[in-house]
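Visitor:
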């Protein structure tokens, strides 16, 4: 489930007029960003750059902030500093999307940036083989949840709440839940399908209803909903789901925390952390009693399920660990769907033997023309099979098609992990 950014940063800066206190260390991201906005409004670009550095410390993998740190330095006359930021992005295999504004147009014209802008263009090119598992005629599913269940594959729709079963290359609806389906898990015996649902963020039947997020248990044999547990406690948007036996864990992307639903049917917050910003994928390591969790803007964390301790994955190589949506454990490494980066990528993150340090990152596929925002998938032997065409960019938050949007057919693709 991809996070969405609002209006452009420079436009937002122009709307801020309060005085900044540049000498005091920011208490949080909001105060750092406010100081940057005030400095931009006053034309003090050096101070804006420092405040944006502070903001980036709270959201280390925000390319939005990185781009504007570069811009602030450029506007202050610090060409070398701006270039160093751009080169770091390029070394990570990424590119920065530079909008068509006067400031960015001038930066693009600087001879000093010619080489790094060329690297951005190279980094944006497709990589990897496009291995299509199946391409279906359906275009308006807005699929997010997917899981292998025996010989079939189950797919959930964010837009309609439908659960589809795919067998022999065809899709048939088996149920309709009261809320968009964001992720699946199976009971140990495969008899129960667990789902997390939300009646917001592109769900087409949300109009006039209060926001609701829930854990749902679906009886596969009876074809009925066996239980539904609505989650309360502030704004909630349940995104990704993992099952440890009959105990369920889910990320809350709106108020960043992890929820747990025990066998008693009670949902409660398991852990929150001041470093969390926008939680996405979960990957359970049952042997070590750990949960790996991806944060779009803060990177990767691991949660000890025995102690509830939260540890950020160390990153001594400085690879880009942000922008990860779907997250999966494979032979001690992590497979990530980075749909919050430019370019979008499927990556394998090499973990050390303790599972606490990222030793490197390998791009398996990126920017394939067959994609329309990949999201979730599953490990199937030595392959990772995933939703290649979620079509998220085609819809607004009310589940309506954006003007001029082109929908791609529902396409599952694969990448070799071995």
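Numbering (my numbering), first residue to last: 1 to 418.
Where is the CB? At the ideal position from N, CA and C, for every residue including glycine.
#1: Kindly indicate which three-state DSSP category residue 162 falls into: helix, strand or coil?
#2: Which residues in the same chain have their Cβ closer than 6 Å to the Cβ of residue 366, if we skip the five residues on either side of it in sequence?
#3: Mapping the DSSP letters down to three states, classify residue 53 as helix, strand or coil.
#4: From which residue to which residue does the alpha helix (DSSP H) around residue 33 run?
#5: Grab the span of the beta strand (DSSP E) containing residue 135 for me, first residue to last.
#6: From the DSSP output, in three-state form, read off residue 143 for me.
#7: Where do the N-terminal and C-terminal ends of the beta strand (DSSP E) with residue 156 fall, by residue?
#8: Taking the continuous alpha helix (DSSP H) assigned at residue 204, which residues delimit it?
#9: With distance defined between alpha-carbon atoms, name the residue in 44, 68, 63 and 61 nearest to residue 52.
#10: Would you say the beta carbon of residue 208 comes nearer than 7 Å to a heavy atom of the ligand HEM?
#11: Counting Cβ pairs closer than 8 Å, one from the region 297 to 309 and one from the region 83 to 91, do we hit at least three?
#12: Since residue 315 is in the beta strand (DSSP E), which residue starts that stretch and which ends it?
#13: What does the Cβ neighbour count give for residue 362, buried or exposed, with the cut at 16 atoms within 10 Å?
#14: Could you check the C-alpha separation between residue 336 and residue 284 for me, to the nearest Å?
#15: By Cβ distance, which residues of its chain are closer than 7 Å to residue 245, with the 5 residues on each side in sequence left out?
#16: Thinking C-alpha only, which one of 256, 55, 71 and 28 is nearest residue 44?
#17: Which residues mark the beginning and the end of the beta strand (DSSP E) in which residue 218 is found?
#18: Out of 203, 192 and 225, which has the shortest C-alpha to C-alpha gap to residue 247?
#19: Taking residue 301 as part of the beta strand (DSSP E), name the residues at either end of that continuous run.
#20: Can you look up residue 342 in the DSSP assignment and give me helix, strand or coil?
#21: Which complete beta strand (DSSP E) runs does the region 208 to 285 hold, if anything under 3 residues is left out?
#22: State the DSSP-derived secondary structure class of residue 170, mapped to helix, strand or coil.
#23: Mind checking residue 209: buried by the 16 CB within 10 Å criterion, or exposed?
#24: Between residue 259 and residue 231, how many whole angstroms is the CB-CB distance? I'm expecting something under 8 Å.
#25: Counting C-beta neighbours from all protein chains within 10 Å, is the total for residue 387 16 or more, i.e. buried, or is it exposed?
#26: Based on Cα-Cα distance, which residue from 351, 66, 135 and 221 lies nearest to residue 331?
#27: Is it buried or exposed for residue 354, if we count other Cβ within 10 angstroms and need 16 for buried?
Guide: According to the structure shown:
#1: When DSSP states are grouped into helix, strand and coil, residue 162 belongs to the strand group.
#2: 127, 343 and 345
#3: helix
#4: 29 to 41
#5: 131 to 135
#6: strand
#7: 152 to 157
#8: That residue, residue 204, is in no alpha helix (DSSP H); it is neither H nor E in DSSP.
#9: 68
#10: Among the ligands in the structure shown, none appear at all, so the ligand HEM cannot be discussed.
#11: no
#12: First-last for residue 315: undefined, no H or E at that position.
#13: exposed
#14: 14 Å
#15: Excluding positions up to five away in sequence, the list reads 188.
#16: The closest CA to that of residue 44, considering only 256, 55, 71 and 28, is found on 71.
#17: 213 to 219
#18: Closest option to residue 247, judged by alpha-carbon separation, among 203, 192 and 225: 192.
#19: 299 to 304
#20: If DSSP states are grouped into helix, strand and coil, residue 342 belongs with coil.
#21: 213 to 219, 224 to 230, 238 to 244, 247 to 252, 257 to 261, 267 to 272 and 279 to 285
#22: strand
#23: exposed
#24: Your pair residue 259 and residue 231 checks out as a contact, with CB atoms roughly 6 Å apart and the cut at 8 Å.
#25: buried
#26: 351
#27: With a 10 Å radius around the Cβ and a threshold of 16 neighbouring Cβ atoms, residue 354 comes out exposed.
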